[in-house]
Every structure is written in structure tokens, then in C-alpha cells.
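Positions 0 to 271 (numbering that gives the first Met the number 0) are the ones given, in order, by the sequence shown.
Before any comments, here is the structure.
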Amino acid sequence: MLDATTRSGGTATATPQAAATELSVATDLTVAVELAVAAPAVLTAARIGLTTRCTRALLSPWSRLSLLVVLLAAAASSVLLFEPQRLLADGWPPQLGGAAAAVAFAVAYGLCTVAFVPRPLLNLAAGALFGSQLGLGTALVGTVLGAGVAFGLGRILGQDALRPLLRTRWLKAADGQLSRHGFRSMMVARLFPGVPFWAANYCAAVSRMGWLPFLLATALGSIPNTAAYAVAGARASAPTSPAFLVAMGFIAVPALVGAVVAWRKRHHLRGR
Numbered sequence: 000m001l002d003a004t005t006r007s008g009g010t011a012t013a014t015p016q017a018a019a020t021e022l023s024v025a026t027d028l029t030v031a032v033e034l035a036v037a038a039p040a041v042l043t044a045a046r047i048g049l050t051t052r053c054t055r056a057l058l059s060p061w062s063r064l065s066l067l068v069v070l071l072a073a074a075a076s077s078v079l080l081f082e083p084q085r086l087l088a089d090g091w092p093p094q095l096g097g098a099a100a101a102v103a104f105a106v107a108y109g110l111c112t113v114a115f116v117p118r119p120l121l122n123l124a125a126g127a128l129f130g131s132q133l134g135l136g137t138a139l140v141g142t143v144l145g146a147g148v149a150f151g152l153g154r155i156l157g158q159d160a161l162r163p164l165l166r167t168r169w170l171k172a173a174d175g176q177l178s179r180h181g182f183r184s185m186m187v188a189r190l191f192p193g194v195p196f197w198a199a200n201y202c203a204a205v206s207r208m209g210w211l212p213f214l215l216a217t218a219l220g221s222i223p224n225t226a227a228y229a230v231a232g233a234r235a236s237a238p239t240s241p242a243f244l245v246a247m248g249f250i251a252v253p254a255l256v257g258a259v260v261a262w263r264k265r266h267h268l269r270g271r
């Protein structure tokens with residue numbers, strides 16, 4: 000019986016068992032190489048899938064709305080901590096003056112409106128610190144700046160999550176009014192007090208109102224009320240002066256007219 004070779008021919012011929020063993024080893028090596036090559040690709044695909052899921056979760060409408068709530072809460076807390084209303088009593092820091100002071104106040108004005116500080120208080124401060132004309136200019140710049148920031152935050156972080164919630168008839172009617180007649184609706188909201196500044200900003204952001212009508216109506220519609228408060232702040236030291244009394248009249252009359260318009264508009268919206 001021959002083992003591994005035939006002595007007559009001198010040529011080595013493997014037995015079936017050896018051939019099978021060699022084939023098994025070669026197969027195992029091939030599988031090992033394929034697994035070694037495929038493993039990084041599988042891990043990479045798993046990482047990409049996890050990253051994609053995390054990104055979708057972070058960019059989901061409700062995650063962005065949560066971020067908006069956190070930012071607004073932080074802004075409101077900062078206002079309570081720094082107390083910007085002290086400007087009315089303590090005045091502007093002496094190291095800032097001229098154009099730098101006006102620019103700084105306009106930026107601070109805009110950020111304070113985003114953080115829910117009432118605009119009448121800021122307008123009075125503008126008039127008291129810079130006088131009627133420059134106070135009006137800085138207050139208007141701050142108004143448009145703050146409105147733009149609030150509108151952008153609401154549009155980017157809150158619109159997708161809040162629009163599906165507009166299901167009631169009243170909310171749909173208000174949304175339709177803002178979306179179809181954005182400039183006119185925002186002009187009314189700015190001209191006649193009654194709707195808080197921040198509420199108008201975020202309601203407009205949730206609607207389909209465009210940027211240009213919103214900012215233009217804000218700039219134009221805020222002039223009368225802002226001017227009245229700026230003059231009142233500049234003349235606060237002389238409350239019996241004609242300028243102060245006229246300014247207070249311009250503040251009171253639009254507030255009364257706004258209340259009447261809001262009352263009639265409420266019945267109109269309910270009747271739809």
C-alpha cells in the first residue's frame with residue numbers, strides 16, 4: 000500500500016485526506032480574510048447609521064422647539080439677574096458715549112426684547128438717556144433688530160413643531176390672517192398696543208408670513224408709539240410740559256383704539 004507517493008513514478012501524489020485538509024485550511028483562510036476586510040466596513044456603516052439617527056433626533060421639530068424654550072428661559076433669567084431697568088435710575092455707564100453708546104444700547108435693546116423685557120420701559124430709557132431724536136432712532140433700530148432675531152428663532156426652531164397644532168378654528172383663522180395679510184396684520188399689531196411685542200414676533204414666525212413684510216411693518220408701525228415713549232422719557236423731568244402731555248396722549252389714545260379693534264376682531268375671528 001502506498002502512503003503519500005508512488006515510488007515507481009517518482010511523482011508525489013497527495014492522499015484524499017491530505018487534499019481535504021488543505022482545502023479546509025484554504026477555505027478557513029479565505030473566510031478569515033473576507034471577515035477581516037468586511038469588519039471595518041460593517042463598523043463604519045453602523046457608525047454612520049448611529050450618527051444619522053442622532054442627527055435626525057437632534058434636528059427633529061420637537062428637539063428644536065425644546066432648544067428654543069431653553070434659550071428663551073436663559074434669556075429671561077439673564078434679564079432678571081442683570082436688571083436692565085436700572086438704566087432709568089442709574090443712567091448709562093460713563094465710559095460709553097456718543098455713537099458707541101447708541102450702538103450698544105440698540106443691540107442691548109434688541110436682545111432685551113427677545114428676553115421679554117417690555118418695550119415701553121426700553122423706549123422710556125432711550126428717551127431719558129439720549130433725548131427725543133437720538134432716543135427714537137436707537138429704539139427703532141433695537142426694535143427691528145429684536146423683532147428680526149425673535150422671528151428667526153421662531154421660524155427656525157419652532158415653526159415645524161407648532162404648525163401642526165393649529166387645529167382649532169380660532170387659531171386657523173389667526174394663522175390665515177397673518178399668512179395672507181402679513182404686512183397689514185403686523186402694522187395693526189405694531190400701531191395699536193395690546194398685543195405683546197414678543198407674542199406678535201413668535202406668532203408671525205409660526206405663520207407663513209415673509210421676512211420683508213414682517214420687518215417693514217415692524218419698522219413703520221413702531222414709529223408713533225416709540226416716538227411717544229421716547230419723548231415722554233426725555234421730558235420725564237418736566238411732567239407738566241406740553242411735550243410730555245402730548246406724548247402721554249399719543250400713548251393713551253392708540254391703546255384705547257387698539258382695545259376696541261381687538262374686541263371687534265375677536266368677534267370677527269369667532270364668526271368664521
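A virtual CB, placed ideally from N, CA and C, is assigned to each residue, including glycine.
Since we're looking at a predicted model, the values are computed, not measured.
Helix, strand or coil at residue i according to DSSP, with G and I counted as helix
i	result
Gly193	coil
Ala254	helix
Ala198	helix
Val230	helix
Phe115	coil
Thr217	helix
Leu76	The question names Leu, yet the displayed sequence has Ser at residue 76. If DSSP states are grouped into helix, strand and coil, Ser76 belongs with the helices.
Pro238	coil
Leu165	coil
Met208	coil
Ser59	coil
Gly145	helix
Gly351	What is shown of the chain runs 0 to 271, which leaves residue 351 out entirely.
Gly290	Because the chain is modelled from 0 through 271, residue 290 falls outside the range shown and cannot be assessed.
Buried or exposed by the 16-neighbour rule on C-beta atoms within 10 Å, applied to residue i
i	result
Leu164	exposed
Ser236	exposed
Trp197	buried
Gly325	Residue 325 cannot be examined here, being either before or after the span of the chain that is shown, 0 to 271.
Ser59	exposed
Pro238	exposed
Phe81	exposed
Arg154	buried
Val187	buried
Leu133	buried
Gly209	exposed
Gly145	buried
Ala101	buried
Alpha-carbon spacing of residue i relative to residue j, whole angstroms
i	j	result
Arg189	Asp174	17 Å
Val194	Ser76	23 Å
Gly147	Ala204	10 Å
Thr225	Phe191	11 Å
Phe213	Ile222	15 Å
Ala149	Arg168	26 Å
Ala251	Ala258	11 Å
Ser206	Leu177	6 Å
Trp262	Ala99	43 Å
Phe182	Leu161	22 Å
Leu135	Ala124	10 Å
Same chain, Cβ closer than 8 Å to residue i, neighbours up to 5 away in sequence not counted
i	result
Ala74	Leu110, Val113, Ala114, Phe115
Met247	Ala227, Ala231
Contact test: residue i Cβ vs the ligand SAM heavy atom, cutoff 7 Å
i	result
Ala204	Absence of the ligand SAM from the depicted structure is noted, as is the absence of any ligand whatsoever, leaving it without description.
Spatial neighbours of residue i in its chain, beta-carbon cut-off 6 Å, leaving aside the 5 residues before and after
i	result
Gly130	Ala233
Ala199	Ala188
Quiz item: Are three or more beta carbon pairs between the segment 223-232 and the segment 242-255 nearer than 8 Å?
Solution: yes
Quiz item: Do three or more CB pairs link the segment 133-145 to the segment 98-113 at distances below 8 Å?
Solution: yes
Quiz item: If we count Cβ pairs, one from each stretch, closer than 8 Å, do we get three or more for the segment 106-122 versus the segment 203-219?
Solution: no
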